[in-house]
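A short write-up of the structure that comes next.
In C-alpha cells form, the structure reads like this:
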C-alpha cells in the first residue's frame, strides 16, 4: 500500500480508499476516484508538483498534497 | 417553455447553445468558460427558451458553478433538461446524468462529439443506453452541426408530453435499500419543500449538504436515517459518500459495457498525449511557455501591428488632411473646423491605428485558449503560483488580462474559492491590458526609438514583477490562508475552429471601433471644448488660458515630484480613467501643434509610462471589479491602492533617476 504521490510517472495503481476530507474529498469522488478505480500516473509538472493522472478515459491534474491522502496499491 | 442545457465542463454546451439559439457566446477549450447562465430563444420556435448553465461535474454544493446550476434546477424548475455528454469521456460525464435523473424533470441526453468517437472506430448503442437510464438519447456533433434537429424534436416532444425519466433500478444491495427507505421516509417532507424525494435522499446519504435542512425532519426521523446510513456503511465497508459514488460509477460501467463500443483512444486523445510529451515536459515546458508568449506579442505588435497599423495610420492622416482641406475650401466656421479636425479626427485617429495589433493579440490569446494550451499552462504554473498563495487556475485570468481587464476579472469567477478570486482580481491591474499599448507605443516612438523593444518588454515585465511582489505581500497579510484545491481536467488538444476565430476577431474589432467612436470620440470632443474655451465661453488663442488649463494647473503641482511639469500630462491621465486609450487621444488633442517632446523629457516620459502602467484600471474594469467583489468599497479600494502605487513607483523612479543621471 502506498499513497498516490509516491507513484512514479508511467505506473498504474488501483485506489484503495480516500482519506481526504471536505470539498476535496467530494470532488475526487465526483471525478471518479472511487475505490477499485485504475489510475495511471501520466507525469509530473516542473518541480514535481502537481501530477497528471489518467483515469476513466480522461486526464486530471492533482497536487501532491491531495494525492498524499489517496491510498493505492500497485498492480 | 424553458429548457436548461447542462453538462460537464468543456463538454460543448456553449457550442450547442450557439447553434440552438444563433447566439454568439464565447466558447473555449478550457474547463469553465461559461460563468453565468445565459438565455436564448430556440431558432424556429418562438416560445422555447434555452438556458446555458455553467459546466459542472456533480450536483453537490461545493463550487459556485454547482450552486448556480443546482439552484436553477431546484428553484426555477425548468420544463426540460438537455444533458450534454462528451462521448469521448463518457464514464465521467454520465455521473452527472445519474444525478440529474433524480430530479424527475423531462430530459434528453445528447451525446456530443460523436464524430470523434466514430472516427476512432467506436460506436454507441443509443437505444440500449437510453433504455438503461430511462431517457431518450440523441447522438450529436455540436461542432459539425449534426443531429441537432433530432435533438430539438426530442426535447420539445418530451416536454410537451411531460415525459419524465422512466424509473430504472440503478443500484443493488445495501445502497439500494438505504436509498429506498430514506426516500420513502422523507417523501412527504420533500413534497412539501418542493424537492424531488430521490434527489433529497441521495443528498442526505452523501452528507455535508445543507439541502436536507429545508425538509424540516423530526429528531426521530433523523435518528432513523442516521441508523440506516450507518448500517449501509458497515455493509459496504466504505463511508456513505464513497459508497454512493462507487454505486453510481458501478452502474455506469455496466451501462457502458452494454452500450459503448470503444476500440481505442480517439485520434485526438492519442495526439494530445504526444503533444503533451513536449508542451508539458518537465524541463522544456517553461521555456516553451515563455517562447509562446514572446511569439504572441511579437506577432501581434511587430508583424501584424507594425505593418497594418502603419498603413491604417497613413490612411487616417490622409483622411484628416483631406477633411481639413475640404472644410477650408468650403469656408466653414474655423471653430467648427477645429472641432472636427483637432477634436474629433485627431483624437480617434491616434487610437484607431492600433486596431490591427489589438485584434491580433486577442486572436492569439483565443487560440491559446481554444487549443487547450491554457489548461496546460495552469498545470505547469501551479507550483509557482502557490508561492504567492494562488493556484494554477489563476494564471488563466491573468493571461486574459493582457487582452482586456474586464473579461479577465469576469473569468476569475471560475476560481474555486472566494479568497483566490479576490486576490486574482487585485493582481489583474498589474497586467498591461491592450488599451495601454497605444500609450506605450506613442511614448516609446517619441522618446526611446532606439530601444523600443527593450522599453516595451521592460514595462510588461515590470508590471508582472510588481504584481508578484504584491501577491507575495497579500499572501502574508490580508489574504493569509490556503488556495483552493487544484483539481483540473486537462481537455484534449483541439484545432481551434476558423469560424470561432473569425467571429472573435470580428467581435473584438467591433468592440474596439465602437469604443473609439463613443468614449474616445466623446472624451476627445470634451477635451477639445475645455481646452479651446475659457470660462466666459470665449475661444482662447492660447490653450493655457482655457477652462481645462485653469483647473489642470491647480492639479499639476501634485504631479511635479513625478516630473510632469506641464498641466496637460495629469489632465490626460485623469481623462484616461474613462478608457486607457483616451490618455493618448486627449494628449494629442491637448497638444495641438506641439509635440510630446515639448512637455516631457525622456526621464519624465519614463516616469509617465510607469504611472500609466500601474494607475487605476479604467471605469469599465472598475465596474466589473465592483460586480465581482460585490461591493463598491472594495472596488474603490482597488482604485485608490493602484493610484497610490503608481504615484509612489513613478516618484521613486523619477527622483532616483534624477540623482543618478
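Chains as they are written, first to last, in the numbering used here: chain A, 1 to 75; chain B, 76 to 736. Cβ atoms here follow ideal geometry from the backbone N, Cα and C, with glycine treated the same way.
1) Note down the Cα distance separating residue 707/B from residue 714/B, rounded to an integer number of angstroms.
2) State the start and end residues of the unbroken alpha helix (DSSP H) segment that holds residue 601/B.
3) Quick one: complete alpha helix (DSSP H) runs, 4+ long, within the region 524-573 of chain B?
4) Does residue 70/A get closer than 8 Å to chain B when you measure Cβ to Cβ?
5) So residue 169/B and residue 183/B are in contact, right, with Cβ under 8 Å, and what is the actual spacing, rounded?
6) Hey, residue 201/B and residue 186/B are a contact pair by Cβ (cut 8 Å); roughly how many whole angstroms apart?
7) Since residue 600/B contacts residue 419/B with CB under 8 Å, what's their CB separation in whole angstroms?
8) Inspect the beta-carbon positions of residue 156/B and residue 131/B and report whether they are closer than 8 Å.
9) Tell me, to the nearest whole angstrom, how far the beta carbon of residue 23/A is from that of residue 137/B; I am working on the premise that it is less than 8 Å.
10) How far does the beta strand (DSSP E) with residue 82/B in it extend, from its first residue to its last?
11) Give the C-beta separation of residue 261/B and residue 249/B to the nearest angstrom, bearing in mind that I take them to be a contact with Cβ-Cβ under 8 Å.
12) For residue 46/B, which beta-bridge partners are listed by DSSP?
13) With 16 other CB atoms within 10 Å as the buried threshold, where does residue 589/B fall?
14) Can you tell me the Cβ-Cβ gap for residue 117/B and residue 125/B, rounded? I've got them flagged as a contact below 8 Å.
15) Nearest-angstrom Cα distance between residue 46/A and residue 704/B?
16) So if I threshold CB-CB distances at 8 Å, which residues from the region 14-27 of chain A count as touching chain B?
17) What residues from chain B crowd round residue 56/A, counting only those whose CB sits closer than 7 Å?
18) Check whether the Cβ of residue 560/B lies closer than 8 Å to any Cβ atom in chain A.
19) May I ask which residues mark the beginning and end of the beta strand (DSSP E) holding residue 17/A?
20) Counting only runs of 3+ residues fully inside the region 191-216 of chain B, write out the beta strand (DSSP E) ranges in chain order.
21) By the 10 Å Cβ neighbour count, where 16 or more other Cβ atoms means buried, how is residue 216/B classified, buried or exposed?
22) For residue 564/B and residue 174/B, which I take to be in contact (beta-carbon distance under 8 Å), what is that distance rounded to the nearest angstrom?
23) Is the Cβ-Cβ distance between residue 657/B and residue 594/B less than 8 Å?
24) Is there a C-beta anywhere in chain B that falls below 8 Å from the one on residue 11/A?
25) Could you say if the region 454-473 of chain B and the region 425-436 of chain B meet the contact criterion of at least three C-beta pairs nearer than 8 Å?
26) Using DSSP with H/G/I as helix, E/B as strand and the rest coil, what is residue 470/B?
27) Applying a beta-carbon distance threshold of less than 8 Å, which residues of chain B neighbour residue 45/A?
28) Taking C-beta pairs closer than 7 Å, name the residues in chain A that residue 324/B reaches, listed in chain order.
29) Once you ignore the five residues that flank residue 494/B on each side, which residues in its own chain have a CB closer than 7 Å to its CB?
30) Could you tell me which chain A residues have their CB closer than 8 Å to the CB of residue 283/B, listed as they occur along the chain?
31) May I ask you to list the residues that DSSP assigns as paired with residue 113/B?
32) What does DSSP give as the partner residues of residue 150/A in its beta bridges?
33) Hey, which unbroken runs of the beta strand (DSSP E) at 3 residues or more fall wholly within the region 679-732 of chain B?
34) Using 10 angstroms around the beta-carbon of residue 568/B, count the other beta-carbons present and answer buried if the total reaches 16, otherwise exposed.
35) Roughly how far, in whole angstroms, is the beta-carbon of residue 566/B from the beta-carbon of residue 447/B, given that I think they are within contact range, below 8 Å?
36) What residues from chain B crowd round residue 73/A, counting only those whose CB sits closer than 9 Å?
The short version:
1) 11 Å
2) 596-607
3) 527-551
4) No, no contact with chain B.
5) The Cβ separation is near 14 Å, so there is no contact.
6) Rounded, the Cβ-Cβ distance is 7 Å, consistent with contact.
7) 6 Å
8) no
9) 4 Å
10) Counting along the chain, the unbroken beta strand (DSSP E) around residue 82/B starts and ends at 77-82.
11) In fact, because the Cβ distance is near 18 Å, the residues do not count as touching under 8 Å.
12) Chain B is shown from 76 up to 736; residue 46/B falls before or after that span and cannot be answered.
13) Counting C-beta atoms within 10 angstroms of its own C-beta, residue 589/B has fewer than 16 neighbours from the protein chains shown and is therefore classed as exposed.
14) 6 Å
15) 33 Å
16) Those residues of the region 14-27 of chain A placed with their C-beta closer than 8 Å to a C-beta in chain B are 17, 18, 22, 23, 24, 25, 26, 27, ordered along the chain.
17) 166, 167
18) yes
19) 12-18
20) 212-214
21) buried
22) Not really, about 18 Å apart at Cβ, beyond 8 Å.
23) yes
24) no
25) no
26) Collapsing the DSSP output to three states places residue 470/B in a helix.
27) 355, 357, 360, 454, 455, 457, 458
28) 32, 34
29) 554, 556
30) 22, 26
31) In the DSSP assignment, residue 113/B is bridged to 127/B.
32) Missing from the structure shown is residue 150/A; chain A here goes from 1 to 75 and no further.
33) none
34) buried
35) 5 Å
36) Under the 9 Å cutoff, chain B gives no residues; its nearest Cβ is about 16 Å from residue 73/A.
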